[in-house]
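Colleague:
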Amino acid sequence: MTKRLEHKLGAVILFLALMGGAAFLSDFDLRLAILSILAAISVIGLYFAFGLAGMIHLAQAAFVGIGAYASALAAQQLHVSPWIGLVVGVIAAALAGALLAYPMHRTRSHYLALTTVGFSVSFEVIIRNWTSVTGGYDGLGAIPLLRLDTAMRSELEFFYICVAVLAACVVAAMLLRASPFGRALIAVRDDELAAAASGIDIARLKTKAFILCSAYGGLSGALYAHYGGFISPDDFGLARAIMLLSMLIVGGEFSILGAIVGAFFLTYLPEWLRFIGGGYMAVFGLFMLAVLIVMPKGIVGSLGAWLVPRVARSR
Amino acid sequence: MSAAPILETQALECRFGGLRAVAALDMQIQPGSITALIGPNGAGKSTVINLLSGFLSPTSGRVMLGGRDVTCEPPHRLARVGLVRTFQNGRLFQRLSVFENSLVGSSSRVKSGFFDTVFRTRRFRSEVRALEERARDYLKEFDLLADTDRLVAELPYGKQRQVEMVRALVGAPSILLLDEPAAGLNSGEQEVLSAYLRTLRQRGLTILLVEHHMGLVMRLADHMVVLNFGKKIFEGTAAETQKSPVVAEAYLGRRGRHAVM
Chain D
0 MTKRLEHKLG AVILFLALMG GAAFLSDFDL RLAILSILAA ISVIGLYFAF
50 GLAGMIHLAQ AAFVGIGAYA SALAAQQLHV SPWIGLVVGV IAAALAGALL
100 AYPMHRTRSH YLALTTVGFS VSFEVIIRNW TSVTGGYDGL GAIPLLRLDT
150 AMRSELEFFY ICVAVLAACV VAAMLLRASP FGRALIAVRD DELAAAASGI
200 DIARLKTKAF ILCSAYGGLS GALYAHYGGF ISPDDFGLAR AIMLLSMLIV
250 GGEFSILGAI VGAFFLTYLP EWLRFIGGGY MAVFGLFMLA VLIVMPKGIV
300 GSLGAWLVPR VARSR
Chain P
0 MSAAPILETQ ALECRFGGLR AVAALDMQIQ PGSITALIGP NGAGKSTVIN
50 LLSGFLSPTS GRVMLGGRDV TCEPPHRLAR VGLVRTFQNG RLFQRLSVFE
100 NSLVGSSSRV KSGFFDTVFR TRRFRSEVRA LEERARDYLK EFDLLADTDR
150 LVAELPYGKQ RQVEMVRALV GAPSILLLDE PAAGLNSGEQ EVLSAYLRTL
200 RQRGLTILLV EHHMGLVMRL ADHMVVLNFG KKIFEGTAAE TQKSPVVAEA
250 YLGRRGRHAV M
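Just so you know, the sequences run in chain order D and P.
First residue of the first sequence? That's 0 in numbering that gives the first Met the number 0, and the numbers climb one at a time after it.
First residue of the second sequence? That's 0 in numbering that gives the first Met the number 0, and the numbers climb one at a time after it.
(1) Here's the rule I'm using: 16 or more other beta-carbon atoms within 10 Å means buried, otherwise exposed. How should D/PHE274 be labelled?
(2) Could you work out which residues of chain D lie near P/LEU95, taking near to mean beta carbons separated by less than 9 Å?
(3) On the DSSP letters alone, give me the boundaries of the alpha helix (DSSP H) that D/GLN76 sits inside.
(4) Of all the CB atoms in chain P, is at least one closer than 8 Å to the CB of D/GLY297?
(5) Beta carbons nearer than 9 Å to chain D: which residues of the segment 60-80 of chain P have them?
(6) P/ARG313 versus chain D: which residues are under 7 Å apart at the beta carbon?
(7) Under 8 Å, do D/LEU211 and D/GLY66 count as touching if we go by C-beta distance?
(8) Is the Cβ of P/ARG90 closer than 8 Å to any Cβ of chain D?
(9) So with CB distances below 7 Å, who are the chain P contacts of D/SER178?
(10) Please list the residues of the segment 97-109 of chain P that have a C-beta atom closer than 9 Å to any C-beta atom in chain D, keeping them in chain order.
(11) Just how far apart, CA to CA, sit P/SER243 and D/SER108?
(12) Taking the continuous beta strand (DSSP E) assigned at P/ASN227, which residues delimit it?
(13) Just the C-alpha distance for D/SER301 and D/LEU247, rounded to the nearest angstrom, thanks.
(14) Using a 10 Å radius around the Cβ and a threshold of 16 neighbouring Cβ atoms, would you call D/SER213 buried or exposed?
(15) Give the range of the alpha helix (DSSP H) segment to which P/GLY16 is assigned.
(16) Determine the direct distance from the alpha carbon of P/LEU138 to that of D/ALA171, and round the result to whole angstroms.
(17) Does any C-beta atom of chain P lie closer than 8 Å to the C-beta of D/ALA52?
(18) Given that a residue counts as buried once 16 or more other Cβ atoms are within 10 Å of its Cβ, and exposed if not, what is P/ALA152?
(19) Round the Cβ separation of P/GLN189 and P/ALA181 to the nearest angstrom and send it over; I've been treating them as touching at under 8 Å.
(20) Hey, is P/VAL83's beta-carbon within less than 8 Å of any beta-carbon in chain D?
(21) Output yes if chain P places a C-beta closer than 8 Å to the C-beta of D/ALA193; else output no.
(22) So, D/ILE298 versus D/GLY251, is the Cβ gap smaller than 8 Å?
(23) Sort D/GLY257, D/ILE126 and D/LEU145 by Cα distance to D/ASP137 and report the nearest one.
(24) CB of P/GLU99 to nearest heavy atom of the ligand COA: below 7 Å?
(25) Quick test of the definition: if touching needs 3 or more C-beta pairs under 8 Å, does the segment 190-204 of chain P touch the segment 172-181 of chain P?
(26) Output, in sequence order along the chain, the residues in the segment 170-181 of chain P whose CB is closer than 7 Å to any CB in chain D.
Here's what the structure looks like:
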């Protein structure tokens, strides 16, 4: 018991040291960390929809976009505080998720994936052409920023906000994973027939997972809008959706930690490959392939299996 | 037919293209009894279980549960009103532990939502505690408490089937449909099973049993329904069934009938 207490204390001290250390990072480094955290929040959403419920979801970027535009518009047009904007963004994305989930009930596997692709493309087309509201191709600028009015540099302050939000998101995700809801999701992915026989309403459960996923995406988008102060359709297209799903797969689709690791990894990777220049996307693609072949369970899944043999045997 | 039946089929029929898997089946199951559904291979027993548990929709006819028409209701809704089934080869969730597998059985009883879960409301905590206690009680009855944290794949086959039984019971069913629960069990495990099924009957549970092991069925069943080619060919007590020439013929053919006599 005391040993565990020591471990916890150690973790807290390490965390505080890291957070203190962040103060010495440049704005550029902080920006990358913030973008990684924002990606991580939406990828944790995908952990539920794809990792647990097994839905191939290629529209998460659109839900990030819905959160971003809803929150930005609420702050600009209705003059609510960006904090309220966050709530508006989450609710808007969750509602949109519920609306899409309803017809999606009837589709499975690749059909479901195509439905999400359709949604993703439609969303982009609407955002690009509904100029009066969304600003069209030019995007929305001068979105009120999320500030705490501390003496800190704005990047550092926002970094701390993001860390706090990510922590809350992780805790909520862990609680949900350990609850009857999370268990039911794993059960459905293991054996749908037995799950139905055990009293699980599969369509309803998947709808809930999808709405949860959308809400996480919406939160990520809303934070993004009030971080940069500028959003445009380019940030929320199909390519971005594929990237978000890749983050989960590369990190480890069956773990929340994997979602975070994957988000950081694929946000930093382009920076590490910057020296290659134009051919970077090709290298990036090959690298992704290599990860999937060498570590089919993702970084966290495979490293975990290697470090702790027991983890491999659990999920 | 004394009391009102808890489960009843009325002219139940199921066709797959030209094949009549189940034809004009009238069957009544009395509360608190063990009914066995038997018949040679391909007689339609599994189809009947699938029809009763909502995994198949009948071509015509009705299924009544406790006097309510439940024809075409989906499986999860039937589980909610107390009709729970098990599967022929014991379908368990491979990525969940023994304890978690058992808890999934209570899915139809969970009322807490996202809010309750994330904010650990009193409702959530008391609900989870009650369900876990329930699961633990049943695991204890099967002597599985030492294995709660293991993955089901690590257990021997006999124990896996017990876990499936626990999962079914944790859902607090009033009627249990067991699809070949003794398949693959050794004789000792079969003894344990039949003793346990008797205990369940004593507690007031209704059981419908599809089973190949005649010895087990004869000792357990209060009532037997015999199917052949989708039709009910005989119905009665175990002793009556044993003596029935129609049943013997269905199992052994005309020549076999002389062999039995």
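The beta-carbon is built from N, C-alpha and C at its ideal position, and this holds for glycine as well.
Here the structure is a predicted model, which is why all the values come from computation and not from measurement.
Modeller: Looking at the coordinates:
(1) exposed
(2) ARG182, ILE185, ALA186, ASP189 and ARG314
(3) 59-76
(4) no
(5) PRO73, PRO74, HIS75, ARG76, LEU77, ALA78 and ARG79
(6) As shown, chain P starts at 0 and ends at 260. That puts residue 313 of chain P outside it, with no answer to give.
(7) no
(8) yes
(9) THR116
(10) GLU99, ASN100, LEU102, VAL103, GLY104, SER105, SER106, SER107, ARG108 and VAL109
(11) 51 Å
(12) 222-227
(13) 13 Å
(14) buried
(15) First-last for P/GLY16: undefined, no H or E at that position.
(16) 30 Å
(17) no
(18) exposed
(19) 5 Å
(20) yes
(21) yes
(22) yes
(23) D/ILE126
(24) This structure lacks the ligand COA; in fact it carries no ligand of any kind.
(25) yes
(26) GLY170
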